[in-house]
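Chemist: In the working numbering, the protein residues as written are 38 to 312.
#1: Quick one: grab the DSSP three-state call for residue 171.
#2: Around the C-beta of residue 282, are 16 or more other C-beta atoms found within 10 angstroms, so that it is buried, or is it exposed?
#3: Taking the C-alpha atoms as reference points, what is the distance between residue 47 and residue 55?
#4: Using 10 angstroms around the beta-carbon of residue 128, count the other beta-carbons present and answer buried if the total reaches 16, otherwise exposed.
#5: Using a 10 Å radius around the Cβ and a threshold of 16 neighbouring Cβ atoms, would you call residue 275 buried or exposed?
#6: Taking the alpha helix (DSSP H) that residue 276 belongs to, which residues open and close that run?
#7: Measure from the alpha carbon of residue 212 to the alpha carbon of each residue in 162, 233, 137, then state which is nearest.
#8: Grab me the residues of residue 172's own chain with a C-beta within less than 7 Å of its C-beta, minus the 5 sequence neighbours each way, in chain order.
#9: Tell me whether the stretch 69 to 88 and the stretch 148 to 167 touch, counting them as touching only if at least three CB pairs, one residue from each stretch, are closer than 8 Å.
#10: Kindly provide the ranges of any alpha helix (DSSP H) runs that are 4 or more residues long and lie completely inside the stretch 75 to 123, ordered along the chain.
#11: Starting from residue 204, follow its DSSP beta bridges and name the residues at the other end.
#12: Mind checking residue 297: buried by the 16 CB within 10 Å criterion, or exposed?
#13: Taking all protein chains shown into account, do 16 or more other C-beta atoms lie within 10 angstroms of the C-beta of residue 160, making it buried, or fewer, making it exposed?
#14: Out of curiosity, what's the CA-to-CA distance linking residue 258 and residue 245?
#15: So, using beta-carbon positions, are residue 109 and residue 41 closer together than 7 Å?
#16: Look up residue 256 in the DSSP assignment and say whether it is helix, strand or coil.
#17: State the DSSP-derived secondary structure class of residue 152, mapped to helix, strand or coil.
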């Protein structure tokens, strides 16, 4: 079974622990486990499937049941708090505590993956290396981005991308992006991407004053719609992104990096819907 420090969902940890115990102890069952923690077996099943959360009063019982040591117990309690967080701000606080909790290789990879989404310029640097000949002049790299970043921030970005194997230095001393993509299935990813998207939206607002019209294109449209129209908007947007990627891939002499944001959101409540 994987170490508890590799989990970002306490319910998945408990489910995996249960399955591992079944392999060791033939008597392990939902009924046996429920009796040990004084719960209804159906509640155990619902917790395993993400339909219920542990009550605060039951956390101690599961710590004892899983025979967690002090460090594992602290991590498990943080997991519960993270998964039960009531809002995005709380989630972010507990997530950063989890990522800073242990120094295992797996945890460091997760920490770096999370960090990748916390600053807009990590992606910008990654993309810029395809068109910018960078040989360790971090001031030059920082000034190439818009808005410009400091040399320290540029160096920090290169070091992070290198740890994630997204960039490498060639034999001639030039940094290039690799063919790898950042991929993770951890459930913190949606929170991290939300933060990343907020940064890009703020840059979009700033671009109205930072760039002349010839260098940007910003337009808006308001529509009357229903659920079917919303779904069609999603489909059209997905095709739009694919077409943009296609024409970018066919670009023969790229000389800049563009950021394209697409947002669709309600301006009103849904007519007739119960609040």
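Cβ coordinates follow ideal geometry from the N, Cα and C atoms, glycine included.
In this text, all values refer to a predicted model and were calculated from it rather than measured experimentally.
Modeler: Walking through what the data contain:
#1: Sequence index remark: in the chain shown, residue 171 carries index 134 (1-based). Assignment of residue 171 by DSSP, reduced to helix, strand and coil, places it in the strand class.
#2: Here the question's residue 282 lines up with position 245 in the chain shown. When all chains shown are included, residue 282 counts as exposed.
#3: For this step, residue 47 is matched to residue 10 along the chain shown. For this step, residue 55 is matched to residue 18 along the chain shown. Roughly 12 Å between the two C-alpha positions.
#4: Within the chain shown, numbered from 1, the residue matching residue 128 stands at position 91. Label assigned to residue 128: buried.
#5: If you number the chain shown from 1, residue 275 lands on position 238. An exposed status is given to residue 275, since fewer than 16 other beta-carbon atoms sit within 10 Å of its beta-carbon.
#6: Taking the first residue of the chain shown as position 1, residue 276 is located at position 239. Here the alpha helix (DSSP H) through residue 276 covers 264 to 286.
#7: Taking the chain shown and counting its residues from 1, one reaches residue 212 at position 175. Ranking 162, 233, 137 by Cα distance to residue 212 puts 162 first.
#8: For this step, residue 172 is matched to residue 135 along the chain shown. Contacts found: 210, 211.
#9: Short answer: they don't touch.
#10: Counting only runs of 4 or more, we get 78 to 85, 96 to 102, 107 to 120.
#11: Taking the chain shown and counting its residues from 1, the one referred to as residue 204 is at position 167. According to DSSP, which records beta bridges pairwise, residue 204 is partnered with 214.
#12: The residue given as residue 297 occupies position 260 in the chain shown. For residue 297, the number of other beta carbons within 10 angstroms of its own is below 16, and it is reported as exposed.
#13: The sequence position of residue 160 within the chain shown is 123, counting from 1. For residue 160, the number of other beta carbons within 10 angstroms of its own is at least 16, and it is reported as buried.
#14: Along the chain shown, read from residue 1 onward, the residue named residue 258 stands at position 221. Along the chain shown, read from residue 1 onward, the residue named residue 245 stands at position 208. Rounded to whole angstroms, the separation of the alpha carbons of residue 245 and residue 258 is 17 Å.
#15: On the chain shown, position 72 is the one that residue 109 refers to. On the chain shown, position 4 is the one that residue 41 refers to. The answer is yes: Cβ separation under 7 Å.
#16: Walking along the chain shown from the start, residue 256 turns up at place 219. DSSP places residue 256 in coil when its eight states are reduced to three.
#17: As a first step, residue 152 must be located in the chain shown, where it is residue number 115. Helix at residue 152.
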